[in-house]
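Okay, structure first, notes after.
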Amino acid sequence: SSGINAEWPLRPGEKETNAIYLKECKEGKSIGSGFATMLKDYNTKREEQEAQLHKIHRELGDATLNAAKLEKERNQLHNTLKGAKTAAGRTAASLRLLNESLKNSKQELFDQSEETARLKRENAELEFRIQQADEGHKLTVELLTGQIEEVRIHVTSVCSIHVTSVCIIHVT
């Protein structure tokens, strides 16, 4: 298994040279095997790096597309914001008009409240006068009822005297 035919006669020193050669071959084989392993590792790492580079290129493409979408959205938002500012300006003007209208309505309501308070005072005064008139009417009715009763009593007594007089005259 040394690779050398054992039947061949070796010359002087060939045996030592052959041993050195075999030793160097083994070392070379070991170095070659190590180099092959390193080359395999290198190729594996290179393939991994190429895959990563390919992945990065895809991600970069996606990021570029996303950046374009974001730029478009940013422009749309900017336009929306400009529109909102314009609308806000219009709304502010509308709010100023609405606020002025509200102030006018408040003043009208205040004026109506004052008018309502005045009418309530007048109503209370009229109710007081009606109550006094009602009490005065009751007193008048009581007074008249008393006078009527007095007149009735007087008439009854006059009639009674008259009947008595008539009876006396008639009897005499």
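So the sequence shown is residues 11 to 182, counted in the working numbering.
Cβ coordinates follow ideal geometry from the N, Cα and C atoms, glycine included.
All values reported here derive from a predicted model rather than from experimental measurement.
What's the gap between the Cα of residue i and the Cα of residue j?
i      : j      : result
Thr126 : Gln141 : 22 Å
Arg68  : Leu75  : 11 Å
Thr96  : Glu118 : 33 Å
Glu152 : Ser111 : 60 Å
Gly93  : Ala77  : 24 Å
Gln86  : Lys79  : 10 Å
Glu132 : Ser115 : 25 Å
Phe120 : Gly146 : 39 Å
Ser43  : Lys50  : 10 Å
Asp72  : His64  : 12 Å
Lys55  : Cys35  : 29 Å
Val168 : Ile158 : 15 Å
Gly38  : Leu70  : 46 Å
Leu149 : Gly156 : 10 Å
Asn109 : Leu129 : 30 Å
Arg106 : Leu91  : 22 Å
Thr101 : Ser123 : 31 Å
Gln59  : Phe45  : 20 Å
Gly1   : Leu136 : One cannot answer for residue 1 here, as it falls past the ends of the chain, which runs 11 to 182.
His88  : Ser104 : 24 Å
Ile171 : Arg139 : 46 Å
In or out: residue i buried (at least 16 other Cβ within 10 Å) or exposed?
i     : result
Arg21 : exposed
Under the criterion of a Cβ to heavy atom distance below 8 Å, does residue i qualify as lining the ligand PLP?
i     : result
Asn28 : As for the ligand PLP, it is missing from this structure, which has no ligand bound.
Item to check | beta strand (DSSP E) segments (min. 3 residues) lying fully within the stretch 121-170 | outcome: Counting only runs that start and end inside the stretch 121-170, there is no beta strand (DSSP E) element of at least 3 residues.
Item to check | Whole beta strand (DSSP E) elements within the stretch 51-80, 3-residue minimum | outcome: Here no run is fully enclosed.
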